[in-house]
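Here the structure is laid out as structure tokens; the discussion comes afterwards.
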Amino acid sequence: PDPALMPKVKAAVKRCRAARHMQVRSAAGTDLAIDMTGAVTVGVWGYCDRPGTVAHWPGGVVVSFPRASTVNGVLVLDEGDINLTFKRYLRSPVTLTIEDDHVTGIAGRGTEAELMRRYLAAFGDREAYAVSHVGFGMNPAARYEALTMYDQRETNGTELRAVAGNFLFSTGANEFAGRFTEGHFDIPVMNCTIELDGDAVVEEGRLAEEFA
């Protein structure tokens with residue numbers, strides 16, 4: 017664990033909690049708007065410093081659970097982004113259309129899009145298509161290529177969630193929006209710009225200086 021992460025993650029949590037709006041864009045075509053009003057934000061820096069707390073290692077990630085009816089737009093998962101549910105790097109783009117918190121369209125000609133369509137449809141549950149949480153990685157030591165070092169059953173990809181500057185997008189359960197389901201995707205999306213109330217906290221996949 018790196019003690020230097022704690023103040024940076026805490027600062028990012030404070031920034032997210034104070035924000036009213038998150039905007040995510042990318043050269044690949046992402047344009048996603050999140051109303052942060054009332055969102056519940058938590059951060060993990062990789063260790064516990066008092067009784068009754070929970071952490072995971074490696075740490076260095078901040079995530080927000082938006083309230084209901086707050087997420088709309090388009091999220092483009094580009095080649096090289098990471099589907100941690102399937103534990104694979106994307107080989108072809110997938111475009112997700114999100115309306116009123118729910119994925120209403122999964123566009124793409126390749127295997128990646130078809131796998132996502134079939135996985136979500138198998139639950140037979142509209143809430144499996146809903147947004148769970150959004151956030152970004154903050155750990156400069158977390159390695160993008162880490163998934164290649166393990167067989168699928170040997171890792172759950174925690175390190176990839178913490179890769180500095182990734183936009184971490186997740187579908188599935190969100191108790192703060194009153195939604196519960198078994199389906200879940202965790203997807204670190206690279207090379208995004210993330211703005212909170214108009215100020216960039218991540219610029220084209222690079223953390224702002226105050227969080228780096």
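Going by our numbering, the sequence shown wraps up at 228, each residue one higher than the last.
Beta carbons: idealized from backbone N, C-alpha and C, even for Gly.
Rounded to whole angstroms, what's the CA-CA distance from GLU143 to LEU100? Just pull it up for me. 19 Å
Could you give the residue range of the beta strand (DSSP E) that holds THR120? 118 to 123
So ALA138 is in the alpha helix (DSSP H); what residue range does that whole segment cover? Start and end: 127 to 138.
Within the same chain, show all residues whose beta-carbon is closer than 8 Å to that of ARG31, passing over the 5 residues directly before and after it, in chain order. LEU212 and VAL217
Could you compute how far the alpha carbon of THR113 sits from the alpha carbon of ARG195? 19 Å
Need the endpoints of the alpha helix (DSSP H) that ARG31 sits in, please. Start and end: 21 to 34.
Would you mind giving the Cβ-Cβ distance between THR209 and ARG41, rounded to the nearest angstrom? I have them listed as a contact below 8 Å. 5 Å
Simplified DSSP state of TYR145, which is helix, strand or coil: helix
Report the three-state DSSP secondary structure of ALA49 (helix, strand or coil). strand
Using three-state DSSP, classify TYR105 as helix, strand or coil. TYR105 falls in the strand class under three-state DSSP.
Could you pull the DSSP bridge partners for GLY59 from this structure? The partner list for GLY59 (beta bridge, DSSP) reads VAL78.
Own chain, CB closer than 6 Å to VAL119, minus 5 neighbours either side, in chain order: LEU112 and TYR145
C-alpha distance - GLU226 paired with LEU21, whole-angstrom precision: 12 Å
Can you tell me whether ASP116 is buried or exposed, with buried defined as 16 or more other CB within 10 angstroms of its CB? exposed
Taking the Cβ atom as the reference point for each residue, do GLY76 and ALA49 lie within a distance shorter than 8 Å? no
Is it buried or exposed, PRO67, if we count other Cβ atoms within 10 angstroms and call 16 or more buried? exposed
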